[in-house]
Structures are given as C-alpha cells and as structure tokens.
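Residue numbers (this note's numbering): 377 to 665.
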C-alpha cells in the first residue's frame, strides 16, 4: 500500500521523538459545549502543547457576516502565531479527538498563513494515549520569538470563494460545489443547527466523516485518490463547504492527500441560509461523471 504523504501526517510514536523541536497545538473542541475542549486540555494533553480554540483563535466571532465561524482577522491570527512561537520555519503538529474536525481547520489556516511544515497527528489524542505516551496538565508559557512578515491578507496561495461567487455560479455551473455535511443534513431531512434544511443547488455530497475510520485514523491513500475522480472541474473551481467552514477542511485535507487544492467557502451553509430567500435544494443531485 502506498504511504500517506509524510508532509501532511505524523504518527504518535514519531511525534514523541520530535517534541523538543515541534510546536504542538491541541485543537479539541465541541460545537455543543465550547468549554469542553479547554476542560479536556486541562485534564491532560501532549506535553508542551498549546490550546488552540476554534472560537477564539481560528474564527472571528465578532464578524456579523460570514456564517457561524468566519475566518479570523489576519492581524489577530498572526499575533496569535507569535504568542505560540510559530514562525515561517517552525515545525507544527495539530491534533484533536474528533477525526480531524477541528485540527484540519488549524492545518488549513496555518498553511494559509505561510507556515509550510504543518502536520496532523494521525488518530488524534486517542492515538497518543493508546501508545502509552505521556500526558501533561501544565500550560506552556506563551512566546513572542518570531516577528512574522507583514501580510496584507491571511491567505497565502490558498483559495476561497465567497457568497457572491457561489451565487453567480448557479446560473452557469462554473463552480463544482462539494457539501461536506452528513447526508441527512444535505438531503434536508432535518437540520439540527441552522434555520433552514437542505443544500446549495448543484452541490454534491461528500461527507467529511468518510475521510477517516471510527478511530480517527486517516484512510489509505488510494481511497482519497479514487474519492475525487468523479469531479471534472479544475481544482480552483471545486469549492468545498459544510455548516460553517470547519469540517469542510477535512475534505480539503482529503483532496490534498490526493494531490488536489480545492477552494473553501468559509461562510458555508450557515451564511448561505441566512440570506433573504436563498436558493435551496433538498434532494440528491445527479452523480458526476
């Protein structure tokens, strides 16, 4: 079996040998209980890991637009990287305990900020503890070791699409939309979070939970290669969304494993369905290819 890209993942035992020269971010979180992640962190985490909060560090909840988890302001995000001691040459590992649901958002944003060496812990925190590695309850002191170069925007080689881009594409199918949510939300059977059920017309469903197994281990390389073969648009014209631009990053991760760089619609369904009379579909779209 062909190995997964080593520049994207790291195994628990490998990380245990590299802690001295690696900055680790604990991205555990719960959408239903935003304090659960930090509470879990305080009960035990990988030694030296900083806590990376979805709401505080990976989003800008003060933005009234852009869905439930708008992207953070560039200046705020770069300042936080400095506090963690993350610079352009840093080796960074991110992890969670939800099958990459939150760690993938950190991975995507760090790469967007120009941090090249960012890897995800395969299997997450469970893989770390199951292999007998130590846990710690202490929080490392924040740092300001690196002066990151000024950036006019957060994205560095990353691609995003906004609501207007998506809306304009509905008339000519210029973009291929990928909905990352569970099938019951995509099909409009029920909607536990947002006020309207369904999906953006024309979007096809690739649930983010298919990317890993039940233990949070990433699936084999060939799975990811085959997974995206039906998409015929160029990479930049494939746009991935979810509920609020978080678990969509798991599909961006899967695409990256297969050698693709798709775009993200950060506002996702939570922004789309908040508009006045948004176009909504509630049935399975025709298969591609």
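Cβ atoms here follow ideal geometry from the backbone N, Cα and C, with glycine treated the same way. Source: prediction; values computed, not measured.
Task: Test item: CB-CB of residue 453 and residue 535 under 9 Å - done: no
- [ ] Locate the beta strand (DSSP E) running through residue 555, then write down its first and last residues.
- [x] 552-555
Task: Contact under 9 Å by Cβ, residue 630 with residue 647 - done: no
Open item on the list: So the candidates are 542, 489 and 538; which of them puts its Cα closest to the Cα of residue 455?
Closed with: 489
- [ ] On the DSSP bridge assignment, give the partners of residue 401 in chain order.
- [x] 426 and 470
Task: In chain order, each alpha helix (DSSP H) run of at least 4 residues that lies wholly inside the stretch 598-665 - done: 624-633 and 644-648
- [ ] Can you say whether residue 722 is buried or exposed, counting buried as having 16 or more other CB atoms within 10 angstroms of its CB?
- [x] The shown model of the chain, from 377 to 665, leaves out residue 722, and the question about it has no answer.
TODO: Give the secondary structure of residue 436 by DSSP, where H, G and I count as helix, E and B as strand, and everything else as coil.
DONE: coil
- [ ] Can you have a look at residue 438 and say buried or exposed, based on whether 16 or more other CB atoms are within 10 angstroms of its CB?
- [x] exposed
Task: Cut-off 8 Å between Cβ atoms - residues of its own chain near residue 568, not counting five sequence neighbours on either side - done: 561
Open item on the list: Can you confirm whether the stretch 543-560 touches the stretch 576-590 when touching is taken to mean that 3 or more C-beta pairs between the two stretches lie within less than 8 Å?
Closed with: yes
Open item on the list: Measuring alpha carbon to alpha carbon, tell me which residue in 462, 554, 546 and 503 is nearest residue 594.
Closed with: 503
- [ ] Compute every distance between the C-beta of residue 591 and the non-hydrogen atoms of the ligand ATP, then say whether any falls below 8 Å.
- [x] The ligand ATP is absent from the structure shown, which contains no ligand whatsoever.
Open item on the list: Could you pull the DSSP bridge partners for residue 458 from this structure?
Closed with: DSSP, once it has assigned bridges, lists no residue as partnering residue 458.
TODO: Would you decide whether residue 548 is buried or exposed? Buried here means 16 or more other CB atoms lie within 10 Å of its CB.
DONE: exposed
- [ ] Please state whether DSSP places residue 581 in a helix, a strand or coil.
- [x] strand
Task: Where residue 406 sits in the DSSP three-state scheme - done: coil
Open item on the list: Below 8 Å, how does it come out for the stretch 401-412 and the stretch 510-520: are there three or more Cβ pairs, yes or no?
Closed with: no
TODO: Buried or exposed for residue 464, please, with buried defined as at least 16 other CB atoms from any protein chain shown within 10 angstroms of its CB.
DONE: exposed
Open item on the list: Let me confirm a value: residue 510 is counted as buried when at least 16 other C-beta atoms fall within 10 Å, else exposed. Which label applies?
Closed with: exposed
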